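Residue numbering for the sequence shown follows my numbering, starting at 5 and increasing by one per position. Virtual Cβ for every residue (Gly too), placed ideally from N, Cα, C. Quick caveat: nothing in here was measured; it's all calculated off a predicted structure. Reviewing the structure listed below.
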Amino acid sequence: KLAELNKYVSVKVADMPSLEKEAILNLVDGMSVVVITIPLPTDILHAINEKCREVNASFIYTLSTGLFGKVFCDFGTDFVVSDKDGENPASSQVENIIASNPAVVKVLEDQGRHGLETGDFVTFSR
């Protein structure tokens with residue numbers, strides 16, 4: 005099913021008769037992304053993540069246990085998260101812009117407080 009989402013991406017499911025650490029680590033070579041969806045000991049997960057970093061592959065570990073689950077992603081040292089708090093970007097409707105220095109932007113008050121802080125970057129789009 006996963007392979008059907010994008011015909012340009014090769015998806016391989018590993019057939020692992022044994023979950024020995026070395027056998028799992030050998031699968032990482034040549035991969036660009038490694039996704040683990042079964043419970044494994046923490047030391048093996050750490051080893052897989054380190055091997056992924058060595059070969060510049062992304063590592064995703066996800067486990068669903070009924071109502072609860074967890075996800076860990078490591079996209080490498082070059083991956084940058086640039087939001088400061090993890091919240092979704094705010095949006096507001098602009099009522100008026102006064103061309104002064106500095107410019108003044110008034111948003112519609114019925115949209116609620118805009119949540120902007122000094123130093124925030126604002127982009128205008130249609």
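Own chain residues within Cβ distance below 6 angstroms of residue i, not counting five before or after
i     : result
Ala7  : Val15
Ser62 : Val37 and Phe79
CB of residue i within 7 angstroms of CB of residue j, strictly
i     : j      : result
Lys25 : Ile42  : no
Glu99 : Lys110 : yes
Ile64 : Cys77  : yes
Close beta carbons around residue i, own chain, < 8 angstroms, minus the five adjacent residues each side
i     : result
Gly73 : Thr66 and Leu67
Same chain only: Cβ atoms within 7 angstroms of residue i, ignoring 5 sequence neighbours per side
i      : result
Val59  : Val32 and Asp33
Asp124 : none
Val17  : none
Assigned exposure category for residue i - 16 Cβ within 10 Å defines buried
i      : result
Ile102 : exposed
Asn92  : exposed
Asn53  : buried
Whole-number beta carbon distance between residue j and residue i, since they are thought to touch under 8 angstroms
i     : j     : result
Leu23 : Leu9  : With a Cβ gap of about 27 angstroms, Leu23 and Leu9 do not count as contacting.
Met20 : Ala27 : 7 angstroms
Leu71 : Ala51 : That belief does not hold up - the Cβ atoms of Leu71 and Ala51 are roughly 29 angstroms apart, past 8 angstroms.
- prompt: Which runs of the alpha helix (DSSP H), 4 residues or longer, sit entirely within the region 30–58?
  reply: 46–58
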